[in-house]
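For the record, the sequence lines run as chains A and B. When you read off a place in the first sequence, starting at 1, and then add 235, the result is the number in my numbering. When you read off a place in the second sequence, starting at 1, and then add 530, the result is the number in my numbering.
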Amino acid sequence: MTDAMPPAPTNPQPIVKEKLSRDDWIMRTCMIIIGLFLAAFILLPLYTMLSKSVENKDEVFIGLANYIEYFSTPALFLSAGNSLTIALISTFIVLIVAFVYGYALTRTCMPFKWFFKIIALIPLLTPSLLGGISLVYWFGNQGVANGLLFGESIYGPIGITIGSSYWVFPHALMIVITALSITDARLYEAAIALRTSQIRTFFTVTLPGCKYGLISAGFVVFTLVFTDFGVPKVIGGNYNMLATDVYKQVIGQQNFQMGAVVSMVLLVPAVIAFTVDRIVQKKQVALLSARAVPYEPKPDAVRDTSMLIFCSIIAALIICMLGMAQYAALVKFWPYNLELGFSNYDFDVMDGGGWDAFWNSIYMSLYTAVIGTAVIFFGAYLMEKGRGFGAGRTIFHMLAMLPLAVPGLVLGLSYIFFFNNPANPFNFLYGTLGILVIVTITHFYTVSHLTAITALKQMDPEFESVSASLKAPFYKTFFRVTVPVCTPAVLDVSMYLFLNAMTTVSAVIFLYSSDTTLASIAVMNMDDAGDIAPAAAMAMMIAYTCAGARILHVLLTHGLLKHSQAWRNR
Amino acid sequence: MDATMDQKPYLKIENLTKNFGEFTALNDISLEIYEREFVCFLGPSGCGKTTLLRAIAGLDIQTHGVIEQDGNDISALPPSERDFGIVFQSYALFPNLTVDKNVAYGLENRKLPKDQINARVKELLDLVGLPEQGIKYPAQLSGGQQQRIALARALATSPGLLLLDEPLSALDARVRDRLRGEIKDLQRRLGVTTIMVTHDQEEALTMADRIVVMDHGLIVQVGTPQEVYGQPKTAFVADFIGTMNFIPGIVRDPGTVSVGQSTFACDTAGHAQGDAITVAIRPENINAQDISDGDANVVDAEIKSLEFMGSFYRANLVGPTFGDGDVLADFSANLVRRKSVGIGSKLPVRLPAEFVQVYASSGS
């Protein structure tokens with residue numbers, strides 16, 4: 236390699252080509268393997284789907300004919316408009332509610348903040364289907380409060396909007412809280428010193444300070460609602476949305492080509508939202524100076540009381556959604572026999588997968604949490620701490636960011652196209668629990684990857700340099716230093732993966748087999764078959780499991796931090 | 531000219547260049563460092579000193595050029611295949627490992643028996659003066675203690691070369707002063723060839739056997755602290771290290787310069803008659819004692835302001851010789867008291883020829 240390099244024009248000496256150490260070789264190889272995994276399980280399936288969308292049923296290339304057909308079929312095209320409308324309305328509602336709720340939690344002296352924080356996160360523990368089921372019991376034809384709708388049907392845009400707003404609320408809230416937490420108290424002191432009115436301060440300091448957070452939350456909510464499948468499936472009635480169209484085209488009509496076309500349409504706003512969000516996130520970073528003083532709210536009776544009332548109403552609504560699902564799950568025969576019992580939990584006598592589905596979900600979620608965390612954290616480590624190989628690391632990062640832009644339904648459908656092909660060497664995965672684990676890991680890869688990267692970035696970048704000088708192999712430092720120091724982040728990632736694996740429907744709906752039905756899918760199937768009460772019961776099983784996991788996570792993290800207090804506190 | 535020159539070079543750097551894209555961080559640098567020597571890379575931020583250190587360590591390999599350590603070409607080797615110990619400004623101690631484990635970290639990779647490792651760890655902790663701290667975690671130690679542990683860890687494997695990357699910058703002044711002496715003492719006792727990067731001239735002057743002054747990716751001067759301070763090669767070095775007065779002037783004839791309305795003698799080698807030059811002299815070399823009429827290199831000055839510095843006064847002098855600028859001079863407290871010098875006092879001062887440096891005028 237000494238003579239191959241051409242000399243630089245200004246320097247007659249050869250360019251020094253670094254000899255790679257054994258560690259460099261191992262690290263690069265591992266990173267390439269994980270990168271290839273991402274390429275094989277995200278890029279290639281998506282490519283296969285793209286090519287399906289320009290083929291006819293006999294797999295002959297027909298250009299954009301499918302797309303032309305799609306856009307000239309009013310029934311199909313209408314769904315896009317419906318999805319857009321619902322997503323926009325839900326985004327508007329959720330943003331306002333989340334902002335006020337988040338404001339109350341961060342900028343007021345409202346009592347019981349901890350309680351409201353916990354309640355607001357409940358929807359994260361349940362599949363999106365649960366909200367829909369609850370709404371059926373509240374406002375459905377035999378609902379307890381259907382009079383409140385004044386003759387309007389809950390099955391349709393109203394139900395979808397309420398159900399969607401319910402389950403995306405915590406996603407928006409978390410972003411808003413983060414945005415509202417990073418502020419500089421001195422800005423407010425300056426505003427007071429300049430005798431600025433509270434209203435003016437709000438519009439000139441508070442809002443501009445968190446505008447990137449709000450924009451980001453807006454895009455997240457929009458994308459989630461736009462691409463969600465669970466809520467419209469349960470409560471959508473005859474109101475067609477893009478996500479349900481994909482399902483109908485593929486499962487109902489076996490029209491895979493048109494399913495691929497609708498998926499591509501579904502992908503467009505998701506990709507746009509993703510791109511804008513990335514740009515906005517970059518700007519957010521620059522906003523926070525290291526010397527900012529944290530804001531401490533002062534008591535204000537009127538404000539604090541009105542916020543308490545507002546938050547109580549929202550919290551009550553959330554509890555009503557969960558509570559009704561629980562009540563319905565226990566009621567023997569709605570609405571005729573309101574006695575309570577556990578007959579609806581006897582899943583084995585219903586269609587939909589029975590208790591096996593629940594256990595499958597547990598296994599699948601555990602595998603996803605364990606394998607996913609290991610792969611994602613190790614990949615992030617290799618990317619963040621590896622030496623040289625800049626191009627490879629950039630490509631790896633892009634691959635890791637990609638899943639965030641791909642709706643679960645689209646990913647799931649693309650997996651069918653890719654893995655159901657007998658010529659595919661991974662074909663053996665089709666119909667196994669393995670493919671469910673893989674699709675869940677890839678679907679939720681990005682957020683986990685970013686969490687890991689953030690934790691890794693907080694570590695001294697010279698640990699690796701010191702280790703190399705001490706001739707310690709990288710894996711020794713990885714296991715003895717990096718992993719222990721990053722354990723809280725590792726736990727966060729595994730919890731995130733576990734909760735999502737328990738509750739997800741969209742990515743796995745096309746990929747389960749009769750042996751690998753999952754709890755969330757059982758909810759949908761039982762609901763489909765009219766067994767709404769057992770569906771509610773199963774949804775509640777998921778909720779208990781997630782709540783249990785969440786409590787375990789809190790205890791583990793707490794115990795760990797206590798145990799490692801000696802070295803963690805600076 | 532240097533006591534270490536009779537030894538063989540331990541580290542040989544030849545024509546080292548480092549480019550970051552369009553930016554040249556190191557520009558064709560050559561340098562030899564001798565065994566047991568303590569060398570400081572000194573310069574302002576962005577001068578390339580850390581880049582040079584990282585190239586020597588293999589952490590950021592140079593674009594061109596050769597580095598030889600102990601006769602072996604290590605130019606392209608990764609850090610793990612080089613022989614050095616390193617201490618960073620951030621200490622980079624592993625936070626979840628005790629002090630003992632941190633120090634033992636490099637020893638464990640040598641597959642030594644456990645009791646031998648323990649003995650070596652104890653020896654090192656004694657060496658850095660922290661014998662009882664082994665079971666603590668780094669976060670439980672003060673900054674100065676952490677830095678000494680980092681030093682012990684770097685020295686544990688007895689590397690041939692010790693690299694210190696601004697090791698004292700994160701510490702407060704008092705601790706820094708003490709550690710300065712301790713590190714230097716330890717280095718002398720162990721005889722380990724050491725390179726330290728610093729932007730602190732005082733650190734370099736007190737600790738180094740030789741100082742390598744760098745600016746804009748180039749080595750400007752290499753020399754003992756006395757040489758670098760006493761005979762700075764360029765106006766940059768003169769200005770960067772210590773305090774220096776610069777007065778514009780012209781070479782009148784060889785050995786004489788005219789400055790303002792005065793002329794005085796100094797070494798003008800390297801400058802032609804009529805050249806615009808800058809005359810430089812340090813404040814402590816301007817003296818006001820024992821001046822008789824007719825002495826050479828004596829000019830009239832007036833004290834514009836006087837700053838009490840504790841052991842001496844720093845005077846701001848103006849006068850026809852000094853042109854528009856002010857000139858700083860250090861007067862002993864004794865002198866100020868004896869001569870009752872105050873603001874507005876006029877007195878003759880001497881600029882001894884042996885302390886006057888002449889540089890080409892930077893404007894030309």
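Even for Gly, the Cβ is constructed at its ideal location relative to N, Cα and C. No experiment lies behind these values; they were computed from the predicted model shown.
Reference residue i, options the options, closest by Cα
| i | options | result |
| --- | --- | --- |
| S672(B) | M737(B), V888(B), A606(B) and D702(B) | D702(B) |
| F654(A) | K706(A), L449(A), P638(A) and L746(A) | L746(A) |
| D763(A) | I427(A), I470(A) and A690(A) | I470(A) |
| V403(A) | I324(A), N475(A), E619(A) and D535(A) | I324(A) |
| K711(A) | V496(A), E699(A) and C781(A) | E699(A) |
| V528(A) | M345(A), L271(A), D259(A) and T418(A) | T418(A) |
| N815(B) | F766(B), V879(B), E662(B) and F838(B) | V879(B) |
| P272(A) | R257(A), T308(A), A635(A) and D583(A) | The sequence given here places Phe at residue 272(A); Pro does not occur at that position. Out of R257(A), T308(A), A635(A) and D583(A), A635(A) has the C-alpha closest to the C-alpha of F272(A). |
| A592(A) | T681(A), Q516(A), S749(A) and F347(A) | S749(A) |
| Y759(B) | D783(B), E733(B) and G824(B) | E733(B) |
| L654(B) | N639(B), L681(B) and Q761(B) | L681(B) |
| E294(A) | N656(A), R785(A), H793(A) and D259(A) | N656(A) |
| V886(B) | D823(B), A765(B), S862(B) and L847(B) | A765(B) |
| W569(A) | C265(A), P769(A), P280(A) and T681(A) | P769(A) |
| P539(B) | R584(B), D590(B), D600(B) and V781(B) | D600(B) |
| C570(B) | S862(B), T628(B), E837(B) and P755(B) | P755(B) |
| F582(A) | A771(A), L732(A) and V645(A) | A771(A) |
| E253(A) | A606(B), C577(B) and A555(B) | A606(B) |
| L637(B) | S792(B), D707(B), R650(B) and I665(B) | R650(B) |
| V742(B) | T798(B), I559(B), G615(B) and Y667(B) | I559(B) |
Buried or exposed (CB count within 10 angstroms, at least 16 for buried), residue i
| i | result |
| --- | --- |
| M240(A) | Bear in mind that the predicted position of M240(A) carries a pLDDT of just 45, short of 50, making it unreliable; the figure below should be weighed with that in mind. Exposed. |
| T547(B) | buried |
| M839(B) | exposed |
| K287(A) | buried |
| Y621(B) | buried |
| E567(B) | buried |
| V750(B) | buried |
| V481(A) | buried |
| Q717(B) | buried |
| K692(A) | exposed |
Residues near residue i in its chain [Cβ-Cβ closer than 6 Å; skip 5 each side]
| i | result |
| --- | --- |
| L565(A) | L575 |
| K542(B) | E562 and E598 |
Contact set between residue i and chain A, taken where Cβ atoms lie within less than 7 Å
| i | result |
| --- | --- |
| R605(B) | Reading off the sequence shown, one finds Ser at residue 605(B), where the question assumed Arg. Within 7 Å Cβ-Cβ: V251. |
| T687(B) | L705 |
| T593(B) | I250 and V251 |
Where residue i meets chain B, residues with beta-carbon distance less than 9 Å
| i | result |
| --- | --- |
| W349(A) | Correct list: empty, because the minimum Cβ distance to chain B is about 29 Å. |
| F327(A) | Within 9 Å Cβ-Cβ: nothing; F327(A) doesn't reach chain B, min ~46 Å. |
| Q492(A) | Those do not exist, as Q492(A) stays about 48 Å from chain B at its closest Cβ, beyond 9 Å. |
Own chain, CB closer than 7 Å to residue i, minus 5 neighbours either side, in chain order
| i | result |
| --- | --- |
| F276(A) | I673 and T677 |
| T722(A) | L795 |
| M262(A) | L617, G621 and F709 |
| P532(A) | R342, T343 and C344 |
Per-residue contacts from residue i into chain B (C-beta, under 7 Å)
| i | result |
| --- | --- |
| E697(A) | F618, S620 and A622 |
Under 8 Å from the C-beta of residue i: neighbouring residues of chain B
| i | result |
| --- | --- |
| K254(A) | A606, L607, P608 and E611 |
Beta-carbon proximity list for residue i, same chain, < 8 Å, skipping 5 on both sides
| i | result |
| --- | --- |
| Q731(B) | L572, F770, I771 and G772 |
| Y598(A) | L668 |
| R513(A) | M636 |
| V610(A) | I269, F272 and I676 |
| G382(A) | none |
Cβ-heavy atom distance, residue i to the ligand HEM, below 8 Å
| i | result |
| --- | --- |
| T540(A) | Among the components modelled here there is no ligand, and therefore nothing to report on the ligand HEM. |
Can you give, in chain order, each stretch of the alpha helix (DSSP H) that sits fully within the region 650 to 738 of chain A and has at least 4 residues?
668 to 678, 680 to 692, 698 to 704, 709 to 712 and 722 to 738
Let me know the beta strand (DSSP E) ranges lying completely inside the region 663 to 723 of chain B, each 3 residues or longer, listed in chain order.
691 to 695
Complete alpha helix (DSSP H) runs within the region 243 to 321 of chain A (minimum length 4 residues, chain order):
257 to 273, 279 to 288 and 300 to 307
Extract the residue ranges of the beta strand (DSSP E) inside the region 711 to 793 of chain B, only unbroken runs of 3 or more that lie entirely within it.
723 to 728, 740 to 745, 748 to 753, 775 to 783 and 786 to 789
For the region 545 to 599 of chain B, which segments carrying the alpha helix (DSSP H) assignment without a break, of at least 4 residues, lie completely within its bounds, in sequence order?
579 to 587
With a floor of 3 residues, list each beta strand (DSSP E) that falls wholly inside the region 494 to 552 of chain A, ordered by position along the chain.
none
Complete alpha helix (DSSP H) runs within the region 322 to 402 of chain A (minimum length 4 residues, chain order):
348 to 355 and 363 to 374
Segments of 3+ residues assigned as beta strand (DSSP E) that fall wholly inside the region 779 to 858 of chain B
786 to 789, 792 to 795, 806 to 811, 828 to 838 and 842 to 848
Mind pulling the beta strand (DSSP E) runs of 3 or more residues that sit fully within the region 545 to 605 of chain A?
566 to 568 and 572 to 575
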